[in-house]
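**Student:**
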Amino acid sequence: MNKKIKKQIKLIGVLIGNEKKLMLCSFVSVIVGFTFMFMVSSLSGTIIKTKQDNTVNKYGKFLMVLPDIDNESEKEIKQKCIDFKYEHFGVVGNVEYANKKITIGTMTEDMGATLAFKLIKGKWVKGSDQIVVEEYLLKLFGKENTQLPFDIKLKKDGRFINYKVTGVISNYSSVISTSYDKELETKVYPSIICGQKNDKDVKNSLVILQKKLDFKKAKSDIENVLFQNISEEAICANEKLHWHGYSDNEDMININIWYPILLGIMLLLEQAVVIRAFVIRNQNTFHLFQVLGMTTKEIKRLFFYIMQIFIWFGVLTGYILSVIIGNTYISNVFGEYGRYYLSSLNNNVLIMMIVFAMISICSYFILMGIEQHSRLFSNNNFRKNRKYRFRKIDISIIIVQTVCIFFTIASFYFMNTFSCKSENIEYYLCSKSEASAYPLRGYYIETDGEEYFGFDVLNVFDKYKDKISMSIEAETKRCSILLDKNNVDEYFKNYIIENRLYSLDESDAETKEKNNRLWKQVSVKTEKYKPVSDNVLVTVLREKEFKDFVKKKEIKNTCFENNKSKSCIVILPDYKEIASPSIKENGMIRLGGIRGDEKKVKFYSEKFNVGAVLSGSSEEYNGIEIVMDEKTAIKSRTVLGCNTITIEMKKDAPLFIQKEVDKNVMFTMASIQGGLLDSSENRESDDKLMAAYTSVLSNTILLFCAIIICIYINLSIYIDWEKHRYEYGVLRSFGMSYAQLQRKVFFRYSSSILFACALNMFLGKYAFTNGTLTSRQIIVSVGLTLGITYVCRLISYYRKKDETVSRMLSEGE
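Take any residue in the sequence shown, count from 1 to its spot, add 371: that is its number in my numbering.
1) Let me check understanding here. Comparing Cα to Cα, which of 1085, 1160, 826 lies closest to residue 1013?
2) Below 7 Å CB to CB, which residues in the same chain sit around residue 847 once its five sequence neighbours on both sides are set aside?
3) For the alpha helix (DSSP H) that residue 615 lies in, which residues bound it at each end?
4) Between which residues of its own chain and residue 590 is the CB-CB distance below 6 Å, once the five residues before and five after are set aside?
5) Which two residues bound the contiguous beta strand (DSSP E) that contains residue 455?
6) Taking three-plus beta-carbon pairs below 8 Å as touching, is the segment 858–870 in contact with the segment 1031–1039?
7) Looking at residue 1024: is its Cβ nearer than 8 Å to the Cβ of residue 838?
8) Can you check whether the CB of residue 852 is closer than 8 Å to the CB of residue 911?
9) Note the first and the last residue of the continuous beta strand (DSSP E) segment covering residue 944.
10) Using the DSSP secondary-structure output, state which residues sit across from residue 842 in a beta bridge.
11) Run through DSSP, which three-state label would residue 1105 get?
12) Could you pull out every residue in the same chain whose Cβ sits closer than 6 Å to the Cβ of residue 940, ignoring the five residues on either side in sequence?
13) How many angstroms separate the CA atom of residue 423 from the CA atom of residue 719?
14) Note down the Cα distance separating residue 1019 from residue 410, rounded to an integer number of angstroms.
15) For a test of the three-state rule: what should DSSP assign to residue 603, helix, strand or coil?
16) State yes or no: is the C-beta of residue 771 within less than 8 Å of the C-beta of residue 1083?
17) Return helix, strand or coil for residue 810, following the three-state DSSP convention.
18) Relative to the alpha-carbon of residue 456, which residue among 485, 468, 516 has its alpha-carbon at the smallest distance?
19) Determine the closest residue to residue 893 out of 972, 584, 1171, with distance taken between C-alpha atoms.
20) Report yes if the CB atom of residue 1122 is closer than 8 Å to the CB atom of residue 766, and no otherwise.
21) If you follow the alpha helix (DSSP H) that residue 642 is part of, which residue opens it and which one closes it?
22) List the whole-angstrom C-beta distance separating residue 576 from residue 440, where the pair is believed to meet the contact cut-off of C-beta under 8 Å.
23) Just verifying my parser: in three-state terms, what is the DSSP assignment at residue 921?
24) Mind the definition here: the segment 954–962 touches the segment 913–921 only if three or more C-beta pairs lie below 8 Å; say whether that holds.
25) Determine the direct distance from the alpha carbon of residue 475 to that of residue 1189, and round the result to whole angstroms.
26) Please report how far the alpha carbon of residue 464 lies from the alpha carbon of residue 556, in whole angstroms.
27) Run through DSSP, which three-state label would residue 954 get?
28) In whole angstroms, what is the alpha-carbon distance linking residue 1002 and residue 919?
29) Assuming residue 1140 is part of the beta strand (DSSP E), what are its boundary residues?
30) Any chance the segment 1068–1086 sits against the segment 1108–1115, with 3 or more Cβ pairs inside 8 Å?
31) Report all residues from its chain with a CB closer than 6 Å to the CB of residue 1164; omit the five preceding and five following residues, and keep chain order.
32) Rounding to the nearest angstrom, what Cα-Cα distance links residue 1101 and residue 386 in this structure?
33) Among 1171, 1044, 1148, 1134, whose alpha-carbon lies nearest the alpha-carbon of residue 1099?
34) Whether or not the segment 784–799 and the segment 1042–1061 are in contact is what I'm after, with contact meaning three or more pairs of Cβ atoms, one per stretch, closer than 8 Å; do they touch?
35) From residue 685 to residue 405, what distance separates their C-alpha atoms?
36) Is the segment 434–454 in contact with the segment 592–607, if contact means three or more CB pairs nearer than 8 Å?
Shown next, in the form of structure tokens:
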């Protein structure tokens, strides 16, 4: 080994050995900083990657599906949109079983990777008489426990055809996107897949994909490229690819960038005072090196090597600790979300090593090239300053204290936000994820498809009625209360004015002509009535729940004791009894509206007996609500079925019942395309994930801030004391006590708390908006930072307490 290198190694060893305590503080902060950087960044990465995998597995990786497209249109689209991939599947038509229509189509097994399904048992179809079915159909066929293959007779075009079921695929068609404007004879995605020989019976569906999956770009590809170049009436855009693959993870993606930057800034502030303290303590040593023949550049190079040992030792140790601690902790706490942790960690460490290498190279040239840095190593660097004033604030400590308070508050905020647990297990089944309507002179024509749940789907839950309760929002296709134009009381006049909704502008000649044409079809009947709102909420309760509701509201009307008349309860927001009301108890209420599409419409109406008129708080009831029992709803022409179903199950229900209810909910939902399923367990699972993630995020920053504050304040006071020892000695010789001197020296760190609190008031106003934080939590957050700061004061106070005035004056000379 070169003698020069040996000499430098020995000198580095001497310098580090002489400053063991200082080096230990520096190593602790560097190791903790790099460990947290690597661990949290990698945790963010593995959660994002897992959630994106789940998005593809649940919603597919396609951008659009264009059902029933002809060859000419497909060719035109491919010419306009050349930067995309294209795949196909076919729809043959509908088959019937137990009076239910089921869409049948053709596709290859490879399409499962695009449309998010997989063969869960059996074999894929080979012949024209073989079929593969979605899992929920086994329950409809009554073949849940039947071994594959088995025969099933399905009705097609009026005749029964015998098919052989060879396989079962996962329930996929109810989850992926199905929004479209054009009415289709079949569903978009086939629930039965067959081997089809006669291609003329197959309606082609075009599937559009990105050549390379990019969740962030998916939204712009759909809106700015595909929608601009595709004129088809039926378009199913998979916007969930962007929502769940990028938008839901956007905060975590940003944290993955800003977290290392934030920790890097605080580490840089702390290392700056460590370097200054190191130079002060070794000022005579550097001077001795110069006397012995070392040049300033050699000393600076030696100093640079010590800095590199700090950084790369911290990187290496941080990586090892991230592997050992991080992998163990994340595997236990985050479960499946930790499966990409190690690969994410390796990528992050590689990126950060490149960044640190570039910073090191730049810092070397800056240190060696700028002459003014030479005075750092001069023996005159820290001579006394006779004109001295005590500093009032310290910007660096304000930054660290602000971060510390902010993330202590954040820790409480996250704990409050993600700790909400429902007492019971809830399911929310919605037959359509979005709804649209066409306004026509006070009426609204719903233009969505015919997807809604039949009341027969509720029967499967009858045997659990002691453990569950249900409520249904009826599908009415935008029914309204229809009042006689000559019988509109003051309450409804005000309600109509206050709830005036969007009315289509008829200034356009084409729109006016269209509205006139539609209005003529229904004007004879519609002009008799005044519609009150665009959509009255009709709530349907099953027998047990309806009786409980009547009892709770203390309704004693006998009309509910028999089912001969169609009776309902009317709930009006902030209603007060008035003379000559339009709707009154034991009177009649008319519900109705206009149904159809933008070409052909018809008017409908139906009378109900009013069993009670209740006033509801406007905070609880956003609009008018009609409540009726299930038997009345089934008899009604206004109620077509169930738009949404809410099921609440007691948490003390036996586990086997919970599993059966959960399974039946999934199968019920699988029969609908374009719907939405939500549950309290899913929300609690998401909350649990975010609670664990935000806990790691906020607590690591909080711990790191505490370390930085302690090291920064103590070393800053040490530097200040060494730099101004003589001035402080003069002040003490003129009668200033040691306690007074310490108060003045420490004042800047005490005053910094006030600035940090002011900054957090500003930041918190925009960051913590849901009002879950309590005053006590905010006080604890400030008090914790204040406590850490004043612990540092005690340390600095006792460290120099025994130093005499004469020593201060003599050493300060």
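All C-beta atoms in this analysis are idealised placements derived from N, C-alpha and C, irrespective of residue type, glycine included. Computed from a predicted structure; not experimentally measured.
**Tutor:** Inspection of the coordinates gives the following:
1) The sequence position of residue 1013 within the sequence shown is 642, counting from 1. Considering only alpha carbons, the answer is 826.
2) Here residue 847 refers to the residue found at position 476 of the sequence shown. Excluding sequence neighbours, residue 847 sits near 909, 1009, 1010, 1011.
3) Sequence index remark: in the sequence shown, residue 615 carries index 244 (1-based). Residue range 611–616 is occupied by the alpha helix (DSSP H) that includes residue 615.
4) Taking the first residue of the sequence shown as position 1, residue 590 is located at position 219. Taken in chain order, the residues that qualify are 613.
5) Here the question's residue 455 lines up with position 84 in the sequence shown. Run containing residue 455: 455–468, per the beta strand (DSSP E) assignment.
6) no
7) Against the sequence shown, residue 1024 aligns to sequence position 653. Against the sequence shown, residue 838 aligns to sequence position 467. Yes.
8) What you label residue 911 is simply residue 540 of the sequence shown in a count that begins at 1. What you label residue 852 is simply residue 481 of the sequence shown in a count that begins at 1. No. Outside cutoff.
9) Start at 1 with the first residue of the sequence shown, and residue 944 comes out as number 573. Its beta strand (DSSP E) spans residues 938–944.
10) One-based indexing of the sequence shown puts residue 842 at position 471. In the DSSP output, where bridge partners are listed per residue, residue 842 has 912, 1017.
11) For the purposes of this step, residue 1105 is taken as residue 734 along the sequence shown, with counting starting at 1. Correct three-state label for residue 1105: coil.
12) For the purposes of this step, residue 940 is taken as the residue at position 569 of the sequence shown. Taken in chain order, the residues that qualify are 982, 983, 998.
13) Residue mapping note: residue 423 aligns to position 52 of the sequence shown, counting from 1. Residue mapping note: residue 719 aligns to position 348 of the sequence shown, counting from 1. One C-alpha to the other measures close to 18 Å.
14) Here residue 1019 refers to the residue found at position 648 of the sequence shown. Here residue 410 refers to the residue found at position 39 of the sequence shown. Spanning the two alpha carbons is a distance of roughly 39 Å.
15) Numbered from its first residue, the sequence shown carries residue 603 at position 232. Residue 603: coil per DSSP, three-state reduction.
16) Taking the sequence shown and counting its residues from 1, one reaches residue 771 at position 400. Taking the sequence shown and counting its residues from 1, one reaches residue 1083 at position 712. Yes.
17) Position 439 of the sequence shown, counted from the first residue, corresponds to residue 810. Residue 810 carries a strand assignment under DSSP once its states are collapsed to helix, strand and coil.
18) Your numbering for residue 456 matches position 85 in the sequence shown. Ranking 485, 468, 516 by Cα distance to residue 456 puts 485 first.
19) The residue given as residue 893 occupies position 522 in the sequence shown. When only C-alpha atoms are compared, the closest one is 972.
20) For the purposes of this step, residue 1122 is taken as residue 751 along the sequence shown, with counting starting at 1. For the purposes of this step, residue 766 is taken as residue 395 along the sequence shown, with counting starting at 1. No.
21) Working through the sequence shown from its first residue, we reach residue 642 at position 271. Residues 621–652.
22) Sequence index remark: in the sequence shown, residue 576 carries index 205 (1-based). Sequence index remark: in the sequence shown, residue 440 carries index 69 (1-based). At roughly 7 Å, the Cβ-Cβ gap stays under 8 Å, so residue 576 and residue 440 are in contact.
23) Within the sequence shown, residue 921 is the residue found at index 550, counting from 1. In this structure, residue 921 counts as helix in the three-state DSSP scheme.
24) Taking 8 Å as the limit for Cβ pairs, the verdict is that the segment 913–921 does not touch the segment 954–962.
25) Only positions 372 to 1184 of the chain appear in the structure, and residue 1189 is not among them; the question remains open.
26) Along the sequence shown, read from residue 1 onward, the residue named residue 464 stands at position 93. Along the sequence shown, read from residue 1 onward, the residue named residue 556 stands at position 185. Going from the Cα of residue 464 to the Cα of residue 556 covers about 8 Å.
27) Counted from its first residue, the sequence shown places residue 954 at position 583. Of the three classes helix, strand and coil, the one that applies to residue 954 here is coil, per DSSP.
28) Locating residue 1002 in the sequence shown gives position 631, where the first residue counts as 1. Locating residue 919 in the sequence shown gives position 548, where the first residue counts as 1. Between residue 1002 and residue 919, the C-alpha separation is close to 16 Å.
29) Position 769 of the sequence shown holds residue 1140. No beta strand (DSSP E) contains residue 1140, which DSSP labels as neither H nor E.
30) no
31) Reading the sequence shown from its first residue, position 793 is the one you call residue 1164. Once the five neighbours on either side are set aside, the close Cβ partners of residue 1164 are 1117.
32) Start at 1 with the first residue of the sequence shown, and residue 1101 comes out as number 730. Start at 1 with the first residue of the sequence shown, and residue 386 comes out as number 15. Roughly 32 Å between the two C-alpha positions.
33) Residue numbering aside, residue 1099 sits at position 728 when the sequence shown is read from its first letter. Residue 1099 has its Cα closest to that of 1171, out of 1171, 1044, 1148, 1134.
34) yes
35) Counting from 1 along the sequence shown, the entry for residue 685 is found at position 314. Counting from 1 along the sequence shown, the entry for residue 405 is found at position 34. In a straight line, the C-alpha of residue 685 is about 6 Å away from that of residue 405.
36) The segment 434–454 vs the segment 592–607: in contact.
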